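Enquirer:
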Amino acid sequence: MDNVPRDRTVVVTGGTRGVGAGIARAFAETGARVVVCARRPPEQPLDGTEFSPLDLRDPPAVRAFFGALPRLDVLVNNAGGTPYRRLADADAERHARVVELNLITPLTASLAGYEQLRRSRGSVVMVGSVSGSRPSPGSAAYGAAKAGLANLAASMAVEWAPDVRVNTLVVGMVRTELSHLHYGGQDGIDAVSRTVPLGRLAAPADVGAAAVFLASDAAAYISGASLHVHGGGERPAFLDATTVNRQPGAAGEAT
Numbered sequence: 551m552d553n554v555p556r557d558r559t560v561v562v563t564g565g566t567r568g569v570g571a572g573i574a575r576a577f578a579e580t581g582a583r584v585v586v587c588a589r590r591p592p593e594q595p596l597d598g599t600e601f602s603p604l605d606l607r608d609p610p611a612v613r614a615f616f617g618a619l620p621r622l623d624v625l626v627n628n629a630g631g632t633p634y635r636r637l638a639d640a641d642a643e644r645h646a647r648v649v650e651l652n653l654i655t656p657l658t659a660s661l662a663g664y665e666q667l668r669r670s671r672g673s674v675v676m677v678g679s680v681s682g683s684r685p686s687p688g689s690a691a692y693g694a695a696k697a698g699l700a701n702l703a704a705s706m707a708v709e710w711a712p713d714v715r716v717n718t719l720v721v722g723m724v725r726t727e728l729s730h731l732h733y734g735g736q737d738g739i740d741a742v743s744r745t746v747p748l749g750r751l752a753a754p755a756d757v758g759a760a761a762v763f764l765a766s767d768a769a770a771y772i773s774g775a776s777l778h779v780h781g782g783g784e785r786p787a788f789l790d791a792t793t794v795n796r797q798p799g800a801a802g803e804a805t
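The numbering of the sequence shown is my numbering, which starts it at 551 and goes up by one.
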């Protein structure tokens with residue numbers, strides 16, 4: 551694959567751990583200059599990257615950050631996330647902050663970097679989620695924001711063509727340094743992994759490789775697309791809800 555050329559500058563938002571760190575490492579391995587921005591520095595240094603402190607919810611600070619860059623070729627809008635919170639357990643203002651982080655801050659960063667991306671004929675990679683295309687109980691505001699992010703990226707791809715390509719990574723479950731807290735230890739991770747057709751959670755490097763591809767010259771004709779990085783998705787629940795031995799051609803089943 552034709553990777554990101556070595557003279558390019560890549561910005562990864564929220565790239566200090568987990569998926570973001572995997573993306574930053576993947577771009578660093580191509581030889582590109584990689585700038586990671588977040589409110590706090592990484593606990594462990596990321597080889598081949600530079601860190602810049604930035605609160606993405608502060609639009610003037612975001613504009614100043616991008617304005618100070620000598621060039622920008624790739625913007626990866628990775629910053630985001632949410633705690634587990636049912637809708638009725640919090641007020642609308644708290645849910646709105648989740649939407650702000652996962653939808654508004656990628657828009658803020660993209661607009662701040664647009665002129666440089668246009669000059670370099672660069673690309674934007676949005677880090678979306680499968681939560682944006684299915685029910686997301688316990689993280690409904692997050693799912694709604696990620697659904698909006700995919701739509702934003704598709705519209706942006708049309709408005710900014712042909713100068714800037716914009717695509718979305720639709721990411722499934724990823725094994726990070728915090729997975730044991732989300733899934734209840736190794737037994738939980740193993741159980742959840744069995745629900746994925748490929749039999750495991752993604753590694754951050756898997757998402758990083760997909761981001762590098764979308765930003766590379768090998769994807770020069772790909773824009774406005776959503777690339778699913780989810781190991782085949784989720785096994786349909788109905789398959790485990792019946793003990794009937796379904797054979798091809800059985801009533802109600804397509805062949």
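Virtual Cβ for every residue (Gly too), placed ideally from N, Cα, C.
Note that the structure is predicted; figures quoted are calculated from it, not measured.
#1: Suppose only complete runs of 4+ residues qualify. What are the alpha helix (DSSP H) ranges in the segment 607-644, listed by chain order?
#2: Are the beta-carbon atoms belonging to A691 and V648 less than 8 Å from one another?
#3: If you draw a straight line from the alpha carbon of V721 to that of A618, how long is it in whole angstroms?
#4: Taking only three categories from DSSP, how would you classify V757?
#5: Starting from P656 and walking both ways along the alpha helix (DSSP H), at which residues does that stretch end?
#6: State the beta-bridge partners of M676 as determined by DSSP.
#7: Short of 7 Å in beta carbon distance, which residues of its chain neighbour M551, apart from the five on each side in sequence? Order them along the chain.
#8: So, under 8 Å CB-CB, S776 and T718 are touching, yes? Tell me the CB distance rounded to an integer number of Å.
#9: What do you reckon, are the CB atoms on T599 and A629 nearer than 8 Å?
#10: Which partner residues of V584 appear in the DSSP bridge assignment?
#11: R583: buried (16+ other C-beta within 10 angstroms of its C-beta) or exposed?
#12: Per DSSP, what kind of secondary structure is V649 in: helix, strand or coil?
#13: Cα separation between A770 and E665?
#14: DSSP beta-bridge partners for A775?
#15: If you draw a straight line from the alpha carbon of G693 to that of A571, how long is it in whole angstroms?
#16: Identify, in the order they occur along the chain, each residue of the same chain with its Cβ nearer than 7 Å to the Cβ of D605, setting aside the five sequence neighbours on each side.
#17: To which residues of the same chain is G749 closer than 7 Å at the C-beta, ignoring the five residues directly before and after it?
#18: If we ignore side chains and look at the alpha-carbon of each, how far apart do G781 and V561 end up?
#19: Starting from V746, trace the alpha helix (DSSP H) both ways and give me its first and last residue.
#20: Less than 8 Å between the beta carbons of R715 and I772, yes or no?
#21: Name the two residues that bound the continuous alpha helix (DSSP H) containing F788.
#22: Nearest-angstrom Cα distance between L637 and S681?
#23: Quick check: the Cα distance between V624 and T792, rounded to an integer number of angstroms?
#24: Exposed or buried, what is A574 when buried is set at 16 or more other beta-carbons lying within 10 Å of its beta-carbon?
Expert: So, to answer that:
#1: 609-617
#2: yes
#3: 31 Å
#4: helix
#5: 655-670
#6: N627, T718
#7: The predicted model places M551 with a pLDDT of 45, which falls under 50 and marks its position as unreliable, so this point remains unresolved.
#8: 5 Å
#9: no
#10: V560, T599
#11: buried
#12: helix
#13: 19 Å
#14: According to DSSP, which records beta bridges pairwise, A775 is partnered with nothing at all.
#15: 22 Å
#16: R589, A611
#17: S743
#18: 26 Å
#19: V746 -> no alpha helix (DSSP H), and no H or E assigned at all.
#20: yes
#21: From DSSP, F788 is part of no alpha helix (DSSP H); its letter is neither H nor E.
#22: 15 Å
#23: 48 Å
#24: buried
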